[in-house]
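In order, the protein sequences belong to chains L and G.
Using this note's numbering, read the first sequence as starting at 1 and increasing by one per residue.
Using this note's numbering, read the second sequence as starting at 157 and increasing by one per residue.
Protein chains: 2
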Amino acid sequence: MILVVSHYQKDINMKNLSNQPCLIARSLALVGDAWSMLIMRDAHAGLTRFDEFRKSLGIAPTMLTARLAALTDEGLLEKRRYSDRPPRDEYVLTEAGRDFLPVLFAIGAWGRKHRSGGNVTRFFDAETGTEIDPVTIDRETGAPVGTRPIRIAAPE
Amino acid sequence: MILVVSHYQKDINMKNLSNQPCLIARSLALVGDAWSMLIMRDAHAGLTRFDEFRKSLGIAPTMLTARLAALTDEGLLEKRRYSDRPPRDEYVLTEAGRDFLPVLFAIGAWGRKHRSGGNVTRFFDAETGTEIDPVTIDRETGAPVGTRPIRIAAPE
DNA sequence: TGACTTACTACTAAAATCATAGTAACTGAT
DNA sequence: ATCAGTTACTATGATTTTAGTAGTAAGTCA
């Protein structure tokens, strides 16, 4: 299915992921862990506050603090003060954060095909009510990704 | 952008992710870490052998053993003997593994938009040579995902 | 015979994670 | 005025995971 192997990285470790030429590796620096992904999912579902995330996920507050700070630093979430007295902040999706939705859908679509069974959560268009069935295609040709061989090209 | 919040999970922790009703959470049980994602990327790039993965990723062999075993258990990779004497196995993508490519592309597409800068690895159609620019759309309407509000519905 | 390859396992140190508890700064009800 | 409740955290220590290096088993090749 895939043809060319290239040395598109050197000396990967979990600390220098963001310096890799590969965009997948570089993106995984931020969201390459399940908590960050689940926080992004919940943010898309409309959660904004610390305690909402904490209760939804059952995540330890230390973890949540660290993840929210990282996602904020990296520009996927924005910390916004919604009350001065008492000081209260909420975390809302930035444009980069909203653009992350296709990743969540791709994961969900894969899960629907290969991990469903029993009751599963589903996604709907909020206005029309029709279920969303996401496919990834090439913008130019419209061909679904995965049907044709690909080549990975190293930079320069 | 998103309207309905639902209690689509209870008592998440990193051990029971695969029992969650949410397909995203359930899928993250397998690939919710950067190493597994990078192994899947490399598998799509044509790597099959233990040492190929080890050298490409610089991953500790203990980690690699564990990840390959998990991905094999979960049906994304298949362990295949390619030599009896000496006994040698390789890891090849199953259909479920190949279906994972859109997730990698969605992550790459996000990275291209929000994390590029400097040289980056790019993806091409191996036959036509044209660059691939992946978009996630709804199969029915053809509308790009992320442009319309979504609703997340809990099971039953 | 000895160097080399492949696919690992063993071991230990370092780091991350988990759960629980506690704190700061308030609000709102009695 | 006091006291429970809320929100957004930080502190702490036990447990678990990960990283890195070294070593091993079963061969091949010269």
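Just so it is clear, CB atoms sit at the ideal spot from N, CA and C, and this is done for glycine as well.
Checklist line | Euclidean distance between Cα positions of Val103 of chain L and Ala265 of chain G | finding: Straight-line measurement puts the Cα of Ala265 of chain G at about 9 Å from the Cα of Val103 of chain L.
Item checked: Between the CA atoms of Ser56 of chain L and Pro87 of chain L - distance to the nearest angstrom -> The alpha-carbon atoms of Pro87 of chain L and Ser56 of chain L are separated by roughly 22 Å.
Next item on the list: With a threshold of 7 Å, establish whether the CB of Pro242 of chain G neighbours any heavy atom of the ligand ADP.
Entry: Here there are no bound small molecules, and the ligand ADP is not part of this structure.
Note to self: Considering just the uninterrupted stretch of the beta strand (DSSP E) at Ser174 of chain G, what are its terminal residues?
What the structure shows: Per DSSP, Ser174 of chain G belongs to no beta strand (DSSP E) and is neither H nor E.
Next item on the list: Would you list, in chain order, the members of the region 127-146 of chain L that have their beta-carbon closer than 7 Å to a beta-carbon of chain G?
Entry: Those residues of the region 127-146 of chain L that come within reach of chain G (Cβ to Cβ, closer than 7 Å) are Glu127, Thr130, Ile132, Asp133, Pro134, Val135, Thr136, Ile137, Asp138, Arg139, Glu140, Val145 and Gly146.
Check: Helix, strand or coil: which one does DSSP assign to Thr136 of chain L?
Finding: In the structure shown, the three-state DSSP call for Thr136 of chain L is strand.
Next item on the list: Name the residue from G:Arg182, G:Lys269 and G:Phe279 whose alpha carbon lies nearest to the alpha carbon of His200 of chain G.
Entry: Of the candidates G:Arg182, G:Lys269 and G:Phe279, the one whose C-alpha sits nearest the C-alpha of His200 of chain G is G:Phe279.
Checklist line | C-beta atoms of Arg254 of chain G and Asp125 of chain L nearer than 8 Å | finding: No, the pair does not count as a contact, with Cβ atoms beyond the cut-off.
Item checked: Test item: CB-CB of Arg67 of chain L and Ile39 of chain L under 8 Å -> Yes; because the gap between Cβ atoms is below 8 Å, this pair is in contact.
Margin query: Give me, in chain order, the residues of the same chain whose beta-carbon lies closer than 8 Å to that of Ile107 of chain L; leave out the 5 immediate sequence neighbours on both sides.
Written below: Apart from the 5 residues on each side of it in sequence, Ile107 of chain L sits with its Cβ closer than 8 Å to the Cβ of Met37 in its chain, given in chain order.
Notebook entry, point to check: What are the start and end residues of the beta strand (DSSP E) that includes Val92 of chain L?
Noted result: Val92 of chain L -> beta strand (DSSP E) spans Arg88 to Leu93.
Note to self: Quick check: the region 132-139 of chain L against the region 292-302 of chain G, are at least 3 beta-carbon pairs closer than 8 Å?
What the structure shows: Flag = yes, the region 292-302 of chain G and the region 132-139 of chain L touch.
Margin query: Give me the chain L residues within the contact set of Ala262 of chain G, using Cβ-Cβ distance strictly less than 7 Å, ordered along the chain.
Written below: By Cβ distance, chain L contributes Pro102, Val103, Ala106 and Thr136.
Next item on the list: State yes or no: is the beta carbon of Ala96 of chain L nearer than 8 Å to at least one beta carbon in chain G?
Entry: Closer than 8 Å to the CB of Ala96 of chain L there is at least one CB belonging to chain G.
Checklist line | Arg54 of chain L versus Arg182 of chain G - alpha carbon distance | finding: CA-to-CA, the gap between Arg54 of chain L and Arg182 of chain G works out to about 19 Å.
Next item on the list: Determine the direct distance from the alpha carbon of Ser116 of chain L to that of Trp35 of chain L, and round the result to whole angstroms.
Entry: Each residue's Cα considered, the two are about 21 Å apart.
Next item on the list: Have a look at the DSSP bridge pairing and note the partners of Glu78 of chain L.
Entry: Residue pairing for Glu78 of chain L: DSSP places it in a beta bridge opposite L:Val92.
Notebook entry, point to check: How is Ser183 of chain G classed by DSSP in three states: helix, strand or coil?
Noted result: Helix, per DSSP.
Notebook entry, point to check: Between which two residues does the alpha helix (DSSP H) containing Asp229 of chain G stretch?
Noted result: Pro217 to Asp229 is the extent of the alpha helix (DSSP H) around Asp229 of chain G.
Notebook entry, point to check: In or out: Arg49 of chain L buried (at least 16 other Cβ within 10 Å) or exposed?
Noted result: Within a 10 Å sphere around the beta-carbon of Arg49 of chain L sit fewer than 16 other beta-carbons, which makes this residue exposed.
Next item on the list: Specify, as a first and last residue, the run of the alpha helix (DSSP H) that Asp51 of chain L falls within.
Entry: Boundaries of the alpha helix (DSSP H) around Asp51 of chain L: Phe50 to Leu57.
Next item on the list: Output, in chain order, the set of chain G residues within a Cβ distance shorter than 7 Å of Arg41 of chain L.
Entry: Those are Ile180, listed as they occur along chain G.
Note to self: If distances are taken between C-alpha atoms only, which option among L:Gly146, L:Leu28 and L:Gly46 comes closest to Leu93 of chain L?
What the structure shows: That would be L:Gly46, whose Cα lies nearest to the Cα of Leu93 of chain L.
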